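*Asks:* Heads up: the protein sequence lines correspond to chains L and X, in order.
Note that my numbering has the first sequence beginning at 1, numbered continuously upward.
Note that my numbering has the second sequence beginning at 1, numbered continuously upward.
Glycine included, every Cβ here is placed at the ideal spot set by N, Cα and C.
The structure presented is a predicted model; accordingly, all values stated were derived computationally and were not measured.
My questions will all concern the structure given below.
Protein chains: 2
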Amino acid sequence: MTDVAERAGVSPSTVSRTLRGLPTVSPEVRARVEQAARELNFAVSRQAASLVTGKTGVVAVLVPTLNSWFMGSALSSLGPLLRAAGRELNVYLIPDMTERTSFFERLPARRNADALLVFGFDLTHEETARLDDLGMPVIYVSQHAEGRPSVYVDDVDGALKATRHLLNLGHRRIAFAPTTGATGFSFSSRERLLGYQQALTEAGIPLDDELIVTMAADDTRGLITGIGQLLSLREPPTALFAEQDELAVAVIHTLRRAGIHVPDRMSVIGFDDHQVAQWFDLSTVAQSPSDMGRLAGELALHLIDDTAADRTRHVILPTQLIPRATTAPKATPQQDEEPARTSP
Amino acid sequence: MTDVAERAGVSPSTVSRTLRGLPTVSPEVRARVEQAARELNFAVSRQAASLVTGKTGVVAVLVPTLNSWFMGSALSSLGPLLRAAGRELNVYLIPDMTERTSFFERLPARRNADALLVFGFDLTHEETARLDDLGMPVIYVSQHAEGRPSVYVDDVDGALKATRHLLNLGHRRIAFAPTTGATGFSFSSRERLLGYQQALTEAGIPLDDELIVTMAADDTRGLITGIGQLLSLREPPTALFAEQDELAVAVIHTLRRAGIHVPDRMSVIGFDDHQVAQWFDLSTVAQSPSDMGRLAGELALHLIDDTAADRTRHVILPTQLIPRATTAPKATPQQDEEPARTSP
DNA sequence: ATCCGTTGTGACAGCGCTGTCACGACAGAG
DNA sequence: CTCTGTCGTGACAGCGCTGTCACAACGGAT
Chain L
1 MTDVAERAGV SPSTVSRTLR GLPTVSPEVR ARVEQAAREL NFAVSRQAAS LVTGKTGVVA
61 VLVPTLNSWF MGSALSSLGP LLRAAGRELN VYLIPDMTER TSFFERLPAR RNADALLVFG
121 FDLTHEETAR LDDLGMPVIY VSQHAEGRPS VYVDDVDGAL KATRHLLNLG HRRIAFAPTT
181 GATGFSFSSR ERLLGYQQAL TEAGIPLDDE LIVTMAADDT RGLITGIGQL LSLREPPTAL
241 FAEQDELAVA VIHTLRRAGI HVPDRMSVIG FDDHQVAQWF DLSTVAQSPS DMGRLAGELA
301 LHLIDDTAAD RTRHVILPTQ LIPRATTAPK ATPQQDEEPA RTSP
Chain X
1 MTDVAERAGV SPSTVSRTLR GLPTVSPEVR ARVEQAAREL NFAVSRQAAS LVTGKTGVVA
61 VLVPTLNSWF MGSALSSLGP LLRAAGRELN VYLIPDMTER TSFFERLPAR RNADALLVFG
121 FDLTHEETAR LDDLGMPVIY VSQHAEGRPS VYVDDVDGAL KATRHLLNLG HRRIAFAPTT
181 GATGFSFSSR ERLLGYQQAL TEAGIPLDDE LIVTMAADDT RGLITGIGQL LSLREPPTAL
241 FAEQDELAVA VIHTLRRAGI HVPDRMSVIG FDDHQVAQWF DLSTVAQSPS DMGRLAGELA
301 LHLIDDTAAD RTRHVILPTQ LIPRATTAPK ATPQQDEEPA RTSP
């Protein structure tokens, strides 16, 4: 910065003022400084600036994964938003329990960011308490945190819609497939289970734990045994509600391999309206992670700038049922297509 | 840090030494300091430290998008690697031309990172030159940059394998579908086109530009018109090589809607071995973005630490053909299944 | 002519660390 | 007993900025 000052024939103070866009700089000096800065390829060191201002110019996000449709979409809308606000995006990726523990122990984000967006973890009380004294706004995204700023989709309602759709098609034995994840989206998982159960209860159908089988989209063996479990029940399900589209698609693939036609023999519905849902003609419940990312980002910027802002506001996003081709009315036993059992 | 020093009854210097793990600290003092630091929830300010050391402790990545399988996988392996090395991950998301221009004009990464990983852009000479005087190692990932450290997959060879596979199945009219992207992976796109052309030339088949139609997986109308273009040729293709699995899947979906069976009427092969490929039984060419992310990260760390390291090393990753169910031998005209034309 | 307010600029301290150097304590060699 | 080397610790400057204050220049009001 001293170099720029010399080249422009002004003091470092004036350079600083110019580069920060403060109004108290005469037009001709401003022009000279900007010229000099350009010639010297000068960029302000955030480190040095933040040392004085106490602001880092960085927004950190804590995410369980990056190779998921949800995180990708959310961060894709968050990124440009932050750039437009002149802020950088710092990613803390916590893929497993070890990293999670170490993150909350050492809180490396402390003093190295102006705000933290926590995506989709189902945090313990201790963990939330740790974040409370991080000394920066913490926004909970894709999860509900009591008394703290949160942005999330109405998972219970979405699951309710999915399950009601299946009920309306005449299904009575409806399975629910939550998905696993080392540190994953267990918050949404729990809420969706709740919505599923609520819908069944509404319809007067007793809950049956045997119909709830956890699976993972990328674990072929687990999928097969999970589905085998369902098919070997005394009264197997005629419909399945998968916690995520990707799991739904994997389930359909596995069912087809086993010769079980979807939706004739089994209706399947997902959750997300992932792009793959369209390609599979998958019935699903749409949510918008990009809206979520955007709203969470806006909330973060707001809380950084306005320290007096309401810190308990919750933003709840809606869901929509998208019926497609993988859900159909329950087949009556007579309609069963399996050749061996066709005639009495 | 002063607070910790007081609490532990030592000087700030000693606290600094302890927290950095320098060896010249006696065990009992070390214990006291660590205890005090824990009690006060102290974390070193990277900003202040970097001001002195000149190292930011940050590795920046420049990416065209985040909601793609490729980027998600690559960053998922990069993240933990950097954390293990005690470094943070800063993401510059450049989704369009405007942001791209402004990034290269202002180079905001300057002095705010120790290394930059540039993912998949097909940079101009000016842009590369700009990065050269960024004052930090720049690693080119998923692209080849002459005389600069690069990590990329052998796209030409992969495309060669895909096209040869179709040729070996008897196809002679083979379409190629590159994908669009505002700032996208045009580097791979170009290389894959090269491989495709090379395979055809090898087989003595003349190149036909009408068989090359750009499409985007998320643009339904564009897909329909693109495919329409191919089907309305005097001699339509019997096979299609899509630049990416997601596009291949979208194409298959569109073809099916149009009543064109894959692979009976049209063989389709992708590139990536994306998870969706498995669910669709899509023939494809596998590459490993997570290997790429890891290797690029390791290279970055190496170049940061060892300033004397070779700065022109290229790491080239292999590809594998994964034949699945969407490619089949070319149907002879007699085998055509379309009912209206079955009998002569 | 004097005073005051406004505007643009410079001087300077200090943000929280680290690297360097100095120094005391102590052990082992002479 | 003295000298020398080693080890652990403290003092202090300074990294590159920004915020504050001081101050010169000038125009308009009195």
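Could you give the residue range of the alpha helix (DSSP H) that holds residue 35/X?
*Replies:* The sequence position of residue 35/X within the second sequence is 35, counting from 1. Per DSSP, residue 35/X belongs to the alpha helix (DSSP H) from 27–39.
*Asks:* According to a CB-to-CB cut-off of less than 9 Å, which residues of the segment 266–281 of chain L neighbour chain X?
*Replies:* Result list: 275, 276, 278, 279, 280 and 281.
*Asks:* Cβ of residue 79/X less than 8 Å from any chain L Cβ?
*Replies:* Counting from 1 along the second sequence, the entry for residue 79/X is found at position 79. Interface residue, yes.
*Asks:* In whole angstroms, what is the alpha-carbon distance linking residue 226/X and residue 214/X?
*Replies:* Reading the second sequence from its first residue, position 226 is the one you call residue 226/X. Reading the second sequence from its first residue, position 214 is the one you call residue 214/X. Using only the alpha carbons, I get a separation of about 7 Å.
*Asks:* Do the segment 106–118 of chain X and the segment 131–146 of chain X touch if we need at least three Cβ pairs shorter than 8 Å?
*Replies:* The segment 106–118 of chain X, when compared against the segment 131–146 of chain X, does touch it at the 8 Å Cβ threshold.
*Asks:* Measuring alpha carbon to alpha carbon, tell me which of 81/L, 255/L, 233/L and 242/L ends up nearest residue 161/L.
*Replies:* On the first sequence, residue 161/L is found 161 positions in, with the first residue counted as 1. Answer by Cα proximity: 242/L.
*Asks:* For the beta strand (DSSP E) that residue 90/L lies in, which residues bound it at each end?
*Replies:* As a position in the first sequence, residue 90/L is number 90, starting the count at 1. Start and end: 88–93.
*Asks:* Roughly how many angstroms lie between the CA atoms of residue 34/X and residue 18/X, to the nearest whole one?
*Replies:* Taking the second sequence and counting its residues from 1, one reaches residue 34/X at position 34. Taking the second sequence and counting its residues from 1, one reaches residue 18/X at position 18. Going from the Cα of residue 34/X to the Cα of residue 18/X covers about 8 Å.
*Asks:* Name the chain X residues that come within less than 8 Å of residue 56/L, Cβ to Cβ?
*Replies:* Walking along the first sequence from the start, residue 56/L turns up at place 56. Result: 47.
*Asks:* In the DSSP output, which residue or residues are listed as bridge partners for residue 152/X?
*Replies:* Numbered from its first residue, the second sequence carries residue 152/X at position 152. 316/X.
*Asks:* Cβ atoms of residue 108/X and residue 43/L: under 8 Å apart, would you say?
*Replies:* In the first sequence, counting from the first residue as 1, residue 43/L sits at position 43. In the second sequence, counting from the first residue as 1, residue 108/X sits at position 108. Yes; because the gap between Cβ atoms is below 8 Å, this pair is in contact.
*Asks:* When you compare the CB of residue 108/L with every CB in chain X, is at least one pair closer than 8 Å?
*Replies:* Counting from one through the first sequence, the residue named residue 108/L turns up at place 108. It does: the Cβ of residue 108/L has a partner Cβ on chain X nearer than 8 Å.
*Asks:* Check the Cβ of residue 72/L against every Cβ in chain X and list those closer than 9 Å, keeping chain order.
*Replies:* Here residue 72/L corresponds to residue number 72 of the first sequence, with the count starting at 1. Simply 65, 66, 67, 68, 69, 71 and 72.
*Asks:* Pick out whichever of 102/L, 47/L, 256/L and 81/L has its Cα sitting closest to the Cα of residue 62/L.
*Replies:* Locating residue 62/L in the first sequence gives position 62, counting from the first residue. Here the closest residue by C-alpha is 102/L.
*Asks:* With 8 Å set as the bound, which would you pick, yes or no: does the beta-carbon of residue 19/L sit closer than that to a beta-carbon of chain X?
*Replies:* Taking the first residue of the first sequence as position 1, residue 19/L is located at position 19. No, no contact with chain X.
*Asks:* Given this structure, state the Cα-to-Cα distance separating residue 86/L from residue 191/L, to the nearest angstrom.
*Replies:* Numbered from its first residue, the first sequence carries residue 86/L at position 86. Numbered from its first residue, the first sequence carries residue 191/L at position 191. Straight-line Cα distance between these residues: approximately 36 Å.
*Asks:* When you compare each of 163/L, 122/L, 171/L and 166/L to residue 150/L by their alpha carbons, which one comes out closest?
*Replies:* Position 150 of the first sequence, counting from 1, holds the residue named residue 150/L. That would be 122/L, whose Cα lies nearest to the Cα of residue 150/L.
*Asks:* Could you tell me whether any Cβ in chain X is nearer than 8 Å to the Cβ of residue 3/L?
*Replies:* Taking the first residue of the first sequence as position 1, residue 3/L is located at position 3. No, residue 3/L does not count as interfacial toward chain X.
*Asks:* What are the residues that DSSP puts in a beta bridge with residue 321/X?
*Replies:* As a first step, residue 321/X must be located in the second sequence, where it is residue number 321. For residue 321/X, which the question treats as bridged, DSSP gives the partners 285/X.
*Asks:* Do you know offhand how far residue 71/L's Cα is from residue 67/X's?
*Replies:* Taking the first residue of the first sequence as position 1, residue 71/L is located at position 71. Taking the first residue of the second sequence as position 1, residue 67/X is located at position 67. Approximately 7 Å, taken between the alpha carbons.
*Asks:* Can you find a C-beta in chain L that's less than 8 Å from the C-beta of residue 6/X?
*Replies:* What you label residue 6/X is simply residue 6 of the second sequence in a count that begins at 1. Chain L, which has no Cβ nearer than 8 Å to the Cβ of residue 6/X, makes this no.
*Asks:* Return the bridge partner residues of residue 179/L from the DSSP annotation.
*Replies:* Position 179 of the first sequence, counted from the start, is the residue given in the question as residue 179/L. DSSP lists 215/L as partners of residue 179/L.
*Asks:* Got a sec, what are the start and stop residues for the alpha helix (DSSP H) residue 103/X sits in?
*Replies:* For this step, residue 103/X is matched to residue 103 along the second sequence. Note, residue 103/X: alpha helix (DSSP H), 97–106.
*Asks:* Can you have a look at residue 370/L and say buried or exposed, based on whether 16 or more other CB atoms are within 10 angstroms of its CB?
*Replies:* Because chain L is modelled from 1 through 344, residue 370/L falls outside the range shown and cannot be assessed.
*Asks:* Going straight from the alpha carbon of residue 349/L to that of residue 48/L, what length do you get?
*Replies:* With chain L running from 1 to 344 in the structure shown, residue 349/L is simply not present.
*Asks:* So, is the C-beta of residue 342/L closer than 8 Å to a C-beta in chain X?
*Replies:* For this step, residue 342/L is matched to residue 342 along the first sequence. Low confidence applies to residue 342/L: its pLDDT is 41, below 50, so where it sits in the model is not reliable, and the reading given next is rough at best. No, because no Cβ of chain X sits closer than 8 Å to the Cβ of residue 342/L.
*Asks:* Does any residue of chain L bring its CB to less than 8 Å from the CB of residue 93/X?
*Replies:* Position 93 of the second sequence, counted from the start, is the residue given in the question as residue 93/X. It does: the Cβ of residue 93/X has a partner Cβ on chain L nearer than 8 Å.
*Asks:* When DSSP labels each residue in this structure, what does residue 262/X get in the three-state scheme?
*Replies:* For the purposes of this step, residue 262/X is taken as residue 262 along the second sequence, with counting starting at 1. Reduced to three states, the DSSP call for residue 262/X is coil.
*Asks:* For residue 207/X, is the classification buried or exposed, using 16 other Cβ atoms within 10 angstroms of its Cβ as the cut-off for buried?
*Replies:* As a working mapping, residue 207/X is identified with position 207 in the second sequence. Residue 207/X is exposed by the Cβ-count criterion.
*Asks:* Compare the C-alpha of residue 323/L against each of 313/L, 277/L and 306/L and name the closest.
*Replies:* What you label residue 323/L is simply residue 323 of the first sequence in a count that begins at 1. Answer by Cα proximity: 277/L.
*Asks:* Between 88/X, 26/X, 73/X and 285/X, which lies nearest to residue 301/X when the distance is taken from Cα to Cα?
*Replies:* Position 301 of the second sequence, counting from 1, holds the residue named residue 301/X. The shortest C-alpha separation from residue 301/X is found at 88/X.
*Asks:* State the DSSP-derived secondary structure class of residue 22/L, mapped to helix, strand or coil.
*Replies:* Here residue 22/L is taken as the residue at index 22 of the first sequence, counted from 1. Reduced to three states, the DSSP call for residue 22/L is coil.
*Asks:* Can you confirm whether residue 168/L, when its beta carbon is compared against all beta carbons of chain X, has any partner nearer than 8 Å?
*Replies:* The count along the first sequence starts at 1 and reaches residue 168/L at position 168. Not an interface residue.
*Asks:* Along the chain, where does the alpha helix (DSSP H) containing residue 199/L start, and where does it finish?
*Replies:* As a position in the first sequence, residue 199/L is number 199, starting the count at 1. From DSSP, the alpha helix (DSSP H) with residue 199/L extends over 186–202.
*Asks:* Look at the alpha carbon of residue 111/L and the alpha carbon of residue 158/L, and state the distance between them as a whole number of angstroms.
*Replies:* For the purposes of this step, residue 111/L is taken as the residue at position 111 of the first sequence. For the purposes of this step, residue 158/L is taken as the residue at position 158 of the first sequence. Approximately 38 Å, taken between the alpha carbons.
*Asks:* Counting Cβ pairs, one atom from each stretch, are 3 or more of them under 8 Å apart for the segment 261–270 of chain X and the segment 189–203 of chain X?
*Replies:* In short, these stretches do not touch, since the Cβ pair count stays below three.
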